[in-house]
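One structure is given below, encoded as structure tokens.
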Amino acid sequence: MIHMHVYDALVVGGGGAGLAAALHLTRGGGVRAAVVSKLYPTRSHTGAAQGGIGAALGNLEEDSPEWHAFDTVKGSDYLGDQDAIELMCAEAPEVIIELEHMGLPFSRTDDGRIAQRRFGGHTHHFGQGPVRRSCYAADRTGHMILQTLYQQCIKHQVTFYDEFQVLDLVLGESGVAGVVAYEIRTGELHVFRAKAVLFATGGFGRMFSVSSNAYAFTGDGPAICWRRGVPLEDLEFFQFHPTGIYKLGILITEGVRGEGGILLNRDGERFMERYAPTMKDLASRDVVSRAIYLEVREGRGIEGKDFVHLDATHLGREVIEQKLPDIADFCRTYLGLDPAQRPIPIQPTAHYAMGGIPTDVDGRVVVDERNTVLPGLYAAGECACVSVHGANRLGTNSLLDLVVFGRRAGRHMAEYCRAAELPPLPGDAAEPTVATVQRLLEKGDEPAARIREEMQHTMMDFVGVFREDAGLRSATAKLRELADRYARVRVQDKGKWFNTDLMEVWELGALLDIARVTTACALNRTESRGAQSREDHPKRDDQNWLKHTLAYWREDGEVEIRYKPVVVTKWQPKERVY
Ligand SMILES: Cc1cc2nc3c(=O)[nH]c(=O)nc-3n(C[C@H](O)[C@H](O)[C@H](O)COP(=O)(O)OP(=O)(O)OC[C@H]3O[C@@H](n4cnc5c(N)ncnc54)[C@H](O)[C@@H]3O)c2cc1C
Numbered sequence: 030m031i032h033m034h035v036y037d038a039l040v041v042g043g044g045g046a047g048l049a050a051a052l053h054l055t056r057g058g059g060v061r062a063a064v065v066s067k068l069y070p071t072r073s074h075t076g077a078a079q080g081g082i083g084a085a086l087g088n089l090e091e092d093s094p095e096w097h098a099f100d101t102v103k104g105s106d107y108l109g110d111q112d113a114i115e116l117m118c119a120e121a122p123e124v125i126i127e128l129e130h131m132g133l134p135f136s137r138t139d140d141g142r143i144a145q146r147r148f149g150g151h152t153h154h155f156g157q158g159p160v161r162r163s164c165y166a167a168d169r170t171g172h173m174i175l176q177t178l179y180q181q182c183i184k185h186q187v188t189f190y191d192e193f194q195v196l197d198l199v200l201g202e203s204g205v206a207g208v209v210a211y212e213i214r215t216g217e218l219h220v221f222r223a224k225a226v227l228f229a230t231g232g233f234g235r236m237f238s239v240s241s242n243a244y245a246f247t248g249d250g251p252a253i254c255w256r257r258g259v260p261l262e263d264l265e266f267f268q269f270h271p272t273g274i275y276k277l278g279i280l281i282t283e284g285v286r287g288e289g290g291i292l293l294n295r296d297g298e299r300f301m302e303r304y305a306p307t308m309k310d311l312a313s314r315d316v317v318s319r320a321i322y323l324e325v326r327e328g329r330g331i332e333g334k335d336f337v338h339l340d341a342t343h344l345g346r347e348v349i350e351q352k353l354p355d356i357a358d359f360c361r362t363y364l365g366l367d368p369a370q371r372p373i374p375i376q377p378t379a380h381y382a383m384g385g386i387p388t389d390v391d392g393r394v395v396v397d398e399r400n401t402v403l404p405g406l407y408a409a410g411e412c413a414c415v416s417v418h419g420a421n422r423l424g425t426n427s428l429l430d431l432v433v434f435g436r437r438a439g440r441h442m443a444e445y446c447r448a449a450e451l452p453p454l455p456g457d458a459a460e461p462t463v464a465t466v467q468r469l470l471e472k473g474d475e476p477a478a479r480i481r482e483e484m485q486h487t488m489m490d491f492v493g494v495f496r497e498d499a500g501l502r503s504a505t506a507k508l509r510e511l512a513d514r515y516a517r518v519r520v521q522d523k524g525k526w527f528n529t530d531l532m533e534v535w536e537l538g539a540l541l542d543i544a545r546v547t548t549a550c551a552l553n554r555t556e557s558r559g560a561q562s563r564e565d566h567p568k569r570d571d572q573n574w575l576k577h578t579l580a581y582w583r584e585d586g587e588v589e590i591r592y593k594p595v596v597v598t599k600w601q602p603k604e605r606v607y
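So this is what it looks like as structure tokens:
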């Protein structure tokens with residue numbers, strides 16, 4: 030049986046971006062909106078964000094939104110769209126105050142204002158030295174944001190469909206008509222009709238073997254949109270965070286370095302002084318992750334292995350327990366180590382997707398180089414690409430992106446819904462999803478776990494921090510083989526109730542698509558910029574590559590690549606040194 034629902038607007042995803050959008054969609058009244066989420070909303074990955082949210086409040090020292098914007102442009106290696114960046118940094122102080130007024134319990138300065146800490150790449154006076162810009166609630170900032178927004182959504186009577194996994198986007202003749210979702214508890218399908226749909230499904234770090242990302246970060250939204258003809262922007266740029274716990278990938282926030290922690294190699298040398306003389310350990314993430322790889326490659330990893338040390342022992346127990354309590358807990362739980370006494374073994378971990386579904390500054394999805402809007406389709410958060418992060422995101426700017434652009438998208442959708450008619454639903458709206466589920470449940474012989482593992486290692490080895498032509502070509506061939514094997518994948522659980530096996534296999538299909546597009550884009554871009562580091566093309570090449578990639582699905586299974594210009598307002602590209 031297929032259930033039918035009708036709303037004005039649907040939000041797919043109950044993380045920070047989805048909840049911010051849902052709140053602003055409904056706040057003004059008159060719009061019937063629902064959030065459809067595969068996880069219970071407060072379990073979303075936003076809840077794992079630790080270090081903070083960036084805004085030039087200047088509570089502890091002089092700061093300005095313009096410096097914040099410049100840092101973000103430089104951090105993006107000049108690929109971010111400067112109009113969107115200026116807007117985000119200008120709205121930042123306002124959204125922080127708004128969150129505070131909703132009740133978010135920020136950490137405080139001695140005189141009672143919102144406390145701020147240093148973070149990588151954030152500077153004063155256009156690069157003169159680190160500035161305290163990251164607003165935080167101990168090392169549980171994302172958790173607090175998520176809880177605060179969820180409470181507000183409940184207060185404003187947003188309807189929630191929890192543990193419903195969206196598997197398809199329904200397009201009518203003139204734009205969006207709805208989505209199709211699988212109810213995890215019962216195995217039944219639901220068709221949601223709506224005038225507008227916003228995807229806020231988060232990232233896709235699970236395509237790599239070492240990742241800080243939650244298991245649910247499988248790129249569902251981008252994969253669904255891509256299969257429906259929407260391009261994906263700048264997928265070649267995937268951020269590796271310098272400090273993941275060795276082998277586990279679990280994140281140790283940059284806040285540790287923000288509070289004064291330093292990176293050491295086997296000789297006890299603070300090696301970042303060599304790579305980034307001004308910002309040192311607080312250079313941007315792409316720079317620090319590459320430095321760690323180079324240290325390891327030159328034999329200066331700890332015990333000659335592929336990790337280095339993050340040393341916070343000199344901060345003292347009080348600072349650690351007060352400002353970084355969760356991190357201290359992680360170290361005790363996963364490493365049996367007290368960070369006040371011993372340094373933490375770390376290695377870079379796949380962390381954040383700079384690329385995603387292309388949108389304008391109101392969250393509207395745009396489908397070509399002329400920014401043509403697909404009516405009724407919106408995206409926000411990590412699954413979207415505005416693009417404010419360009420080739421490399423600065424820490425604290427994702428949480429900011431969620432609330433700034435989630436809010437803008439919600440407001441714009443509300444307006445759109447008030448003016449638009451409910452579009453007719455194509456008669457066969459659920460048919461492709463019924464077929465997909467049936468095909469997956471049929472007898473297959475390929476174990477999904479093996480395909481997943483091979484994909485993750487292929488991506489880690491050849492499409493990770495360093496890349497080059499031959500490796501990317503072999504990854505392309507391997508991913509093609511894995512896609513063929515996936516066509517015969519085996520789902521062991523054939524039941525209806527809580528068939529998480531089926532959903533995980535479906536997610537693997539999404540990851541395989543996204544991995545393939547990422548690899549195609551990385552191979553195509555013959556330069557090094559931000560997180561894309563091509564050993565065979567080590568220099569940034571503004572003449573040929575100061576442009577966004579748009580990747581399109583092609584019938585024959587290949588990826589078609591087109592381009593879109595970068596918006597430059599104030600800052601012409603310059604050499605990037607920290
Ligand atoms: C460990 C960690 C620490 C971080 N720390 C920081 C930090 O300090 N500062 C910062 O700025 N950034 C940080 N980031 C990055 C930032 O937290 C994320 O980019 C951001 O939270 C993503 O938010 P989102 O709303 O886009 O996605 P999420 O919060 O992950 O929400 C995604 C939602 O989509 C839903 N969903 C997904 N697929 C489907 C589907 N098919 N159907 C229905 N629902 C679906 C999920 O249920 C979930 O509710 C951190 C990231 C990690 C992993």
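If you want our numbering, it's the 1-based position in the sequence shown plus 29. Ideal Cβ positions, reconstructed from N, Cα and C, are used throughout, including at glycine. Being a predicted model, the structure only gives us computed values, none of them experimental.
Quick check: Glu-262 and Pro-368, are their CB atoms within less than 8 Å of each other? no
Boundaries (first-last residue) of the beta strand (DSSP E) holding Pro-594: Its beta strand (DSSP E) spans residues 588-594.
Is Tyr-381 near ligand 1, judged by its Cβ being under 7 Å from some heavy atom? yes
Tell me the start and end of each unbroken alpha helix (DSSP H) in the segment 408-461 that is at least 4 residues and wholly inside, in chain order. 426-448
Three-state secondary structure (DSSP) at Glu-327? The answer is coil: DSSP assigns Glu-327 none of H, G, I, E or B.
For Val-417 and His-441, I'd like the C-alpha separation in whole angstroms. Rounded to whole angstroms, the separation of the alpha carbons of His-441 and Val-417 is 19 Å.
Taking 7 Å as the cut-off, is the CB of Gln-79 close to at least one heavy atom of ligand 1? yes
Could you check how far apart the C-beta atoms of Ser-241 and Gln-485 are, in whole angstroms? I think they sit under 8 Å. Actually they do not touch by this definition, with Cβ atoms about 14 Å apart.
What's the C-alpha gap between Thr-555 and Ala-63? 43 Å
Which residues in the same chain as Gly-109 place their Cβ atom closer than 7 Å to its Cβ, once the five residues preceding and following it in sequence are excluded? Counting only residues of its own chain and dropping the five nearest sequence neighbours on each side, Gly-109 has a CB closer than 7 Å to the CB of Thr-101, Val-102, Ser-416, Val-417, His-418, Gly-419.
Taking the runs of the beta strand (DSSP E) that are 3 residues or longer, which of them lie wholly in the segment 129-191? 145-152, 159-164, 188-191
Strand pairing of Tyr-275, partner residues [DSSP]: The partner list for Tyr-275 (beta bridge, DSSP) is empty, contrary to what the question assumes.
Assigned exposure category for Val-316 - 16 Cβ within 10 Å defines buried: So Val-316 ends up on the buried side.
Integer Cβ distance of Thr-462 from Leu-200, believed to fall under 8 Å: That belief does not hold up - the Cβ atoms of Thr-462 and Leu-200 are roughly 14 Å apart, past 8 Å.
Could you give the DSSP three-state label for Trp-96: helix, strand or coil? helix
Beta strand (DSSP E) segments (min. 3 residues) lying fully within the segment 45-95: 62-66
Hey, how far is the Cα of Gly-538 from the Cα of Gly-234? Straight-line Cα distance between these residues: approximately 14 Å.
Output yes or no for whether 8 Å exceeds the beta carbon distance between Pro-372 and Asp-340. yes
Ligand 1 heavy atom lying under 7 Å from the CB of Phe-193: Yes, the beta carbon of Phe-193 sits closer than 7 Å to at least one heavy atom of ligand 1.
Would Thr-598 pass as a contact of Leu-552 if the rule is Cβ separation under 8 Å? Not a contact, by the Cβ cut-off of 8 Å.
Check Ala-206 in the structure and name its three-state DSSP category. strand
Tell whether a beta-carbon distance below 8 Å holds between Ala-51 and Val-195. The answer is no: Cβ separation not under 8 Å.
Please classify Arg-371: does DSSP put it in a helix, a strand, or coil? coil
Is Lys-67 near ligand 1, judged by its Cβ being under 7 Å from some heavy atom? yes
Going along the chain, which unbroken runs of the alpha helix (DSSP H) with 4 or more residues stay wholly within the segment 221-261? 249-256
If we count Cβ pairs, one from each stretch, closer than 8 Å, do we get three or more for the segment 464-477 versus the segment 516-525? Yes: the two stretches touch, three or more of their Cβ pairs being nearer than 8 Å.
Give the secondary structure of Pro-567 by DSSP, where H, G and I count as helix, E and B as strand, and everything else as coil. coil
Just the Cα atoms here: how many angstroms apart are Val-390 and Ala-544? 26 Å
At a cut-off of 7 Å, would you count Cys-360 as near ligand 1, judging by its Cβ distance to the nearest heavy atom? no
In this structure, how does DSSP classify Glu-127 when only helix, strand and coil are distinguished? helix
Let's see if you can read the secondary structure: which residues bound the beta strand (DSSP E) around Leu-540? Premise fails: Leu-540 lies in the alpha helix (DSSP H), 529-553, not in any beta strand (DSSP E).
Quick check on the burial criterion: 16 or more other C-beta atoms within 10 angstroms. Buried or exposed for His-380? buried
Counting Cβ pairs, one atom from each stretch, are 3 or more of them under 8 Å apart for the segment 555-566 and the segment 262-280? yes
Between Asp-542 and Trp-96, which are expected to be in contact by the criterion C-beta below 8 Å, what is the C-beta distance as a whole number of angstroms? That belief does not hold up - the Cβ atoms of Asp-542 and Trp-96 are roughly 39 Å apart, past 8 Å.
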